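Report on the following structure.
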Amino acid sequence: MHLAVDRHPGGMLVTDHRGGTEVVPAAAFPAYVVAQEGRSTPPRWVWSDTALWYPPLLRAGLRVERCHDLRLVEAIIAGAEGRAVRSFAARPRAALAMPERQSAALFDLEAEPREAERTPPAAELHAEQLAALARASTRAPGALALLAAAESAGALAAAEMTFTGLPWSAEDHERLLVEALGPRPAAGERPVHLAALAAEVERQLGVRPGSLAIDSPPELVAALRGAGIDVATTRSWELQRQRHPAIAPLLQYKTLSRLMTANGWNWLDEWVRDGRFRPTFVPGGVVTGRWASDGGGALQLPRQVRSAVRADEGWVLVVADAAQLEPRILTALSQDAEMARAGAGVDLYQGIVDSGAVDSREQAKLGMLGAMYGGTTGQSARVLPRLQRVFPRAIAYVEEAARAGERGETVRTRLGRTSPSPGEEWRERQLLAAAEGAGESERRDARTAARGQGRFTRNFAVQGTAAEWALAWMAGVRRRLWSAEGGPLARQPHLVFFLHDELMVHAPAARAEEAATALREAAADAGRLLFGDAPVTFPVTVATVQRYSEAK
DNA sequence: CGTGAACGCGCC
DNA sequence: AGGGCGCGTTCACG
């Protein structure tokens, strides 16, 4: 939908592509709509903050095709230039001052007058940002501008996903809870299955019924030790190594207790309305460029409850997952031809096995994850030398990123997102340890801190570039679905969920194939956008299902 | 008493 | 003893 916007006595006059008009109240309208970049392209709205301005437009039945999010782009540029973000962008929700030629009455300048005075008008900020993006030194010309566009497109998608919501069957969710936990208990009470498990743990530990505070880690550890079980913490992985009849019911208790507290009845009451879960996504919420979420735990949706994510009657969920995204990103970043060969099929880990580097898919996976996260022990460390022999360039890439971090340097993603510098404290510690007369413990602490920073930068390059690929993918899917046809967002195929390397489209059943094609084509485009014609593929698996739990 | 760190665990 | 998160609970502290 192409929108034109003009000032109007009652607010802002918005004209859609069919000539229909609507007046949007001034209080609900963004500071600036800008930049007609040519007749052939739709307008790009330039505003301080998509998350602030877009939702009211969506509620008014309007959609914005392209935008430039000044707050998100400021964060990217500031990071690349190694400086702090300007004040308006540091605030969680950022309005901008009005330009002088527009009516100040549209906005409440009294709220924060000094901030308003300090903040350059949007048009000016936009021009400055475009210049900064253009002069940024990145591997490929225009990379940072591409990142700015992708980040902004992601912000639009995030607002739209919150607006339409994820189709959620509260009824199925309830049923699942009752089955696992028992009927909903009164407030403060334990569901019957949970109570039974707690009692069984007490029995097996030989303590008086009702005397064990099972939810208190210190007390639980004490009780376990009292029963002769040698544990230092109550972590599941540590419990799993023990042989004792109390362990099985305890582990089950922990799993169900988690379900209850994280995604139980309270969660359902708070987050699901009218058959939709409406999480708030936070684009750029993670330093690496990944999204975060705010409330509802959208990015930690446990597998246990995914059967409650259910398409509307006559609709389907088209769920796409980028297969082994991060190792493929590393392959492209490092231009490792041998690993590209291993990734030619749909299963890169199997390809690594077939190359002869390792013996099993599990080893390949563990080894690659260890290489990308900086694992130094266990199985992953053991297979690393074997991977290094066959894929020297890929391994060298992450090793170099780690060394840079250990030296206190920053690293960059493919499109130029820059890792934050280690803090002043970190640098002081390194200087102290390097100084004459430094003690052994000081040197050890500094070394530990340096290695920690190395693990961070090692992972930043890969995770951050994967996030960029995912943004480009999402933007491409959105554009394809968009151009398919006009009409209200919720009446045509639309994105409903994003999870780092997964996208979900809710679509009328008859248009499922169209959505699947969009997901596949946009993935191929994203690879070309980031890496040109490098011989690296980014296959996606696409499943058309009724419930999220039926995918993969 | 309220606040915040620490824990533990869910996701990628 | 592995990178990035969010969130609910417990517990120490002011």
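According to this note's numbering, the first sequence is numbered sequentially starting from 3. Beta carbons: idealized from backbone N, C-alpha and C, even for Gly. Just so you know, these numbers come straight off a predicted model, no measurement behind them.
Alpha-carbon spacing of Arg280 relative to Gly167, whole angstroms: A direct Cα-to-Cα measurement between Arg280 and Gly167 gives close to 5 Å.
From Gly63, Ala234, Val48, Ala86, residue whose alpha carbon lies closest to that of Thr420: Of Gly63, Ala234, Val48, Ala86, the residue nearest in Cα terms is Ala86.
Pro285 versus Arg210 - alpha carbon distance: Rounded to the nearest whole angstrom, the C-alpha separation of Pro285 and Arg210 is 50 Å.
Val233 beta carbon less than 9 Å from that of Ile216: Not a contact, by the Cβ cut-off of 9 Å.
Length at least 3, wholly inside the segment 44-94: the beta strand (DSSP E) runs in chain order: Those beta strand (DSSP E) runs which fall completely within the segment 44-94 and span 3+ residues are 46-49, 68-71.
9 Å Cβ cutoff met for Val289 and Ala517: Cβ distance not < 9 Å, so Val289 and Ala517 don't count as in contact.
Inside the segment 268-297 only - beta strand (DSSP E) runs reaching at least 3 residues: Runs of the beta strand (DSSP E) spanning 3 or more residues and lying entirely within the segment 268-297 occur at 282-284, 294-296, in chain order.
Contact check, Leu72 vs Ala91, beta carbons under 9 Å: Taking 9 Å as the cut-off, the Cβ atoms of Leu72 and Ala91 count as close.
Touch test, the segment 537-552 against the segment 313-330, Cβ-Cβ under 8 Å, three pairs minimum: Touching, per the Cβ criterion.
Under the three-state DSSP convention, the category His128 falls into: Per DSSP, reduced to three states, the secondary structure at His128 is helical.
Cross-strand partners of Glu504 (DSSP beta bridge): Residue pairing by DSSP puts Glu504 in a beta bridge opposite Asp323.
Given 8 Å, three or more beta-carbon pairs between the segment 410-419 and the segment 449-464: Below 8 Å, enough C-beta pairs join the segment 410-419 and the segment 449-464 to call them touching: three or more.
Counted within 10 angstroms of its Cβ, other Cβ atoms place Ser238 as buried (16 or more) or exposed: Classified as exposed, Ser238 has fewer than 16 neighbouring CB atoms from the shown chains inside 10 Å of its CB.
Contact between the segment 269-278 and the segment 397-405 (3+ Cβ pairs under 8 Å): No, because fewer than three Cβ pairs between the segment 269-278 and the segment 397-405 fall closer than 8 Å, the two stretches do not touch.
Limits of the beta strand (DSSP E) - the one that Val2 falls within: The requested residue 2 does not occur in the structure, where the chain is confined to residues 3 to 554.
Beta carbon of Met341 nearer than 9 Å to that of Arg384: Taking the C-beta atoms as reference points, Arg384 is found no nearer than 9 Å to Met341.
Local Cβ density within 10 Å of Pro115, reported as buried at 16 or more and exposed below that: Model confidence at Pro115 stands at a pLDDT of 36, short of 50, so the residue's coordinates are unreliable; what they give is reported in the following sentence. Classification for Pro115: exposed.
Whether Ser423 touches Val311 by CB criterion (9 Å): Result no, Cβ atoms of Ser423 and Val311 do not sit closer than 9 Å.
Exposure label - Asp51; buried when at least 16 CB within 10 Å: Buried, since its Cβ has 16 or more Cβ neighbours within 10 Å.
As assigned by DSSP and simplified to three states, the class of Pro193: DSSP places Pro193 in coil when its eight states are reduced to three.
Per-residue DSSP class, three states only, for Leu199: DSSP, read as helix, strand or coil, puts Leu199 in helix.
Collapsed DSSP secondary structure at Leu168 in the structure displayed: Three-state result, Leu168: strand.
For Ala463, three-class secondary structure by DSSP: In the structure shown, the three-state DSSP call for Ala463 is helix.
9 Å Cβ cutoff met for Pro44 and Phe165: Not in contact: Pro44 and Phe165 (Cβ atoms no closer than 9 Å).
Contact set for Gln548: own chain, Cβ-Cβ below 8 Å, skip 5 residues either direction: The answer, listed in chain order, is Arg312, Ala313, Val318, Leu319.
Contact check, Leu483 vs Val498, beta carbons under 9 Å: Not in contact: Leu483 and Val498 (Cβ atoms no closer than 9 Å).
The segment 188-203 in contact with the segment 242-261 per 3-pair CB rule at 8 Å: Touching, per the Cβ criterion.
For Lys256, the first and last residue of its enclosing alpha helix (DSSP H): Segment 249-265, the alpha helix (DSSP H) holding Lys256.
Unbroken alpha helix (DSSP H) run spanning Glu438, endpoints: Counting along the chain, Glu438 falls outside any alpha helix (DSSP H), and DSSP gives it neither H nor E.
Inter-residue Cα distance where the pair is Ala129 and Ala80: If I take the Cα positions, the gap works out to 15 Å.
Contact under 9 Å by Cβ, Asp361 with Gln326: No, the pair does not count as a contact, with Cβ atoms beyond the cut-off.
Beta-carbon proximity check, Ala474 vs Ala524, cutoff 9 Å: Yes, Cβ-Cβ distance for Ala474 and Ala524 is below 9 Å.
As assigned by DSSP and simplified to three states, the class of Phe393: Of the three classes helix, strand and coil, the one that applies to Phe393 here is coil, per DSSP.
Proximal residues to Leu135 (C-beta, below 6 Å), its chain only, five neighbours per side dropped: Contacts found: Leu146, Ala147, Ala150.
Buried or exposed (CB count within 10 angstroms, at least 16 for buried), Pro329: When all chains shown are included, Pro329 counts as buried.
Beta-carbon contacts of Gln306 that lie in its chain and below 6 Å, excluding the five residues immediately before and after: Cβ-Cβ distances below 6 Å link Gln306 to Leu261 in the same chain, with the five nearest sequence neighbours on each side left out; the list follows chain order.
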